[in-house]
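Residue numbers (the numbering used here), protein chains in the order written: chain L, 1 to 200; chain E, 201 to 400.
Report on one structure; see the data block that follows.
2 protein chains.
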Amino acid sequence: MRTEAEPIPRMRAEDRRELVLEAATGVFGEFGYFGATTDQIAKAAGVSQPYVVRMFGTKEQLFLDVLQRALDRLLETFRGVLAQGAGEDLGLRMGTAYVELLTDRGLLLSLMHGFAMGSDPVIGAVTRDGFLQVYKFLREEAGFTPEQVRMFIANGMLVNTLVGLRMSDEYDTNPLAKECLCVALPEKLELVLALRESQR
Amino acid sequence: MRTEAEPIPRMRAEDRRELVLEAATGVFGEFGYFGATTDQIAKAAGVSQPYVVRMFGTKEQLFLDVLQRALDRLLETFRGVLAQGAGEDLGLRMGTAYVELLTDRGLLLSLMHGFAMGSDPVIGAVTRDGFLQVYKFLREEAGFTPEQVRMFIANGMLVNTLVGLRMSDEYDTNPLAKECLCVALPEKLELVLALRESQR
DNA sequence: CGAATAGGTAATTGAATGATTACTAAGGTC
DNA sequence: GACCTTAGTAATCATTCAATTACCTATTCG
Numbered sequence: 001m002r003t004e005a006e007p008i009p010r011m012r013a014e015d016r017r018e019l020v021l022e023a024a025t026g027v028f029g030e031f032g033y034f035g036a037t038t039d040q041i042a043k044a045a046g047v048s049q050p051y052v053v054r055m056f057g058t059k060e061q062l063f064l065d066v067l068q069r070a071l072d073r074l075l076e077t078f079r080g081v082l083a084q085g086a087g088e089d090l091g092l093r094m095g096t097a098y099v100e101l102l103t104d105r106g107l108l109l110s111l112m113h114g115f116a117m118g119s120d121p122v123i124g125a126v127t128r129d130g131f132l133q134v135y136k137f138l139r140e141e142a143g144f145t146p147e148q149v150r151m152f153i154a155n156g157m158l159v160n161t162l163v164g165l166r167m168s169d170e171y172d173t174n175p176l177a178k179e180c181l182c183v184a185l186p187e188k189l190e191l192v193l194a195l196r197e198s199q200r
Numbered sequence: 201m202r203t204e205a206e207p208i209p210r211m212r213a214e215d216r217r218e219l220v221l222e223a224a225t226g227v228f229g230e231f232g233y234f235g236a237t238t239d240q241i242a243k244a245a246g247v248s249q250p251y252v253v254r255m256f257g258t259k260e261q262l263f264l265d266v267l268q269r270a271l272d273r274l275l276e277t278f279r280g281v282l283a284q285g286a287g288e289d290l291g292l293r294m295g296t297a298y299v300e301l302l303t304d305r306g307l308l309l310s311l312m313h314g315f316a317m318g319s320d321p322v323i324g325a326v327t328r329d330g331f332l333q334v335y336k337f338l339r340e341e342a343g344f345t346p347e348q349v350r351m352f353i354a355n356g357m358l359v360n361t362l363v364g365l366r367m368s369d370e371y372d373t374n375p376l377a378k379e380c381l382c383v384a385l386p387e388k389l390e391l392v393l394a395l396r397e398s399q400r
């Protein structure tokens, strides 16, 4: 009920931009590129819809920036894990780090929505390239064999799917859902379950 | 240029319905639920847009019917493989059968788009249930261990992702894409490559 | 045959939504 | 303290799209 002149918060464009990117990541992650509206994103970021559009030019460019940011965070995270040593358990540690990225709401789901848009001439090209960047990292920097990469990414896609499906909503009510989550998220299960609270 | 009275093809509603479902599967698979329009689907099926809407009531119901049809085919396919014997190589045979479903254009991709819509109250509930039906089949009918199911489904989701990304478009131009496809699709690689021709 | 039924379409509408335009106010700087 | 740049909004436009309405015309069947 905004009673008195709360000093309307003005930010430097750079900070506001990051704020909008975060909000957009969440909304795109939940509804996908076509399902999300610039107005939803604007409201989530606490700014007006025209401002969102003007900051990024088009909705498509905003989505591309969201994807780029997500990819950057993903690789940055993996590089961080790698920097802590490349032992036997590197795959496990990176897997755990991957699941931890779920706390950055919508980040992995936005990527997943991007992956499903391969036939879009612009977004498809960018997401293909992004996927291959990750593949290249795992092969050349992390030193995985093709087979190790396959298993690692496959499990990542399974995690994405279960999160996208909100399978955790059924954790308490459906034993199969519980088993499914337990086997797919060896550790960090509690993290996924915790996310249930924060959504909706 | 329709010169003379080609006898305008009239079908029994049942056949037409299946035709529209096929077309819708392709369009939803390519563009997703929000990205696809009923007009695109109508054109792909060779009927008018209002007729598509009237046949299914709403776009949402059409998508639900597409998902149900896809799930039915998937389980039917798996049951067919299982009926041919449950040896050591059951997982491999079912994996091959799964990839062969890619010839049913958009079927697996429509499911994947559905999986990304877990937060939709209607579609989410249906896709969660569908996913769990498959999980249940693999555990209880196919006799997989939880770990076997995890690996099987994870690989399926990887296949979906690579197809959704149209990674095969880069097969000839990017060695990493080639390696990636080769390792993820042990057999039936030629099938995925053949699909490149038929699209666009 | 004649009429009912089934398989459709053309025209239109109303709402949603991305984008544009025109404006306003804050705050640093000289 | 005028000034100009930066951060933002309100109003509105143009399109797209799902849905509705009002028809039309083959085919079936008594």
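Note that the Cβ used here is the ideal one computed from N, Cα and C, for glycine as well.
A distance of 8 Å or more separates the beta carbons of His113 (chain L) and Gly26 (chain L).
Distance between Ala125 (chain L) and Ala377 (chain E), taken at the CA atoms: about 13 Å.
Not a single CB atom of chain E sits nearer than 8 Å to the CB of Val99 (chain L). Proximity of chain E to Gly32 (chain L) at the Cβ level (cut-off 7 Å) is accounted for by Gly232, Phe234 and Ala316, in chain order. Contact between Ala245 (chain E) and Val220 (chain E) is confirmed by a C-beta separation of about 4 Å, below the 8 Å threshold. For Ala45 (chain L), the enclosing alpha helix (DSSP H) has its first and last residue at Thr38 to Ala45. Secondary structure remark: continuous alpha helix (DSSP H) runs of at least 4 residues inside the stretch 310-373 of chain E, in chain order: 323-336 and 346-364. By the Cβ criterion, the stretch 334-348 of chain E is in contact with the stretch 167-185 of chain L, since at least three pairs of Cβ atoms, one from each stretch, lie closer than 8 Å. Ranking E:Arg366, E:Leu264 and E:Ala213 by CA distance to the CA of Tyr251 (chain E) puts E:Ala213 first. Residue state for Asp272 (chain E) is assigned as helix, using DSSP reduced to three classes.
Taking 7 Å as the upper bound on Cβ-Cβ separation, chain L lies near residues Met312, His313, Phe315, Ala316, Gly318, Ser319, Gly324, Thr327, Arg328, Phe331, Leu332, Tyr335 and Lys336 of the stretch 310-339 of chain E.
Leu385 (chain E) places its beta carbon less than 8 Å from that of Val359 (chain E). Between Phe115 (chain L) and Thr296 (chain E) a beta carbon distance of about 23 Å is seen, past the 8 Å cut, so the two are scored as non-contacting. Using a Cβ-Cβ cut-off of 8 Å, Met94 (chain L) does not count as an interface residue toward chain E, since no Cβ of chain E sits closer than that to its own. For Phe137 (chain L) against Leu75 (chain L), the beta-carbon gap comes to about 6 Å, under 8 Å, which counts as contact.
Not one beta carbon of chain E lies nearer than 8 Å to the beta carbon of Ile41 (chain L). Sorting E:Arg254, E:Tyr371, E:Ala286 and E:Ala224 by C-alpha distance to the C-alpha of Leu264 (chain E) places E:Ala224 at the top. Per DSSP, the unbroken alpha helix (DSSP H) holding Met255 (chain E) starts and ends at Gln249 to Phe256.
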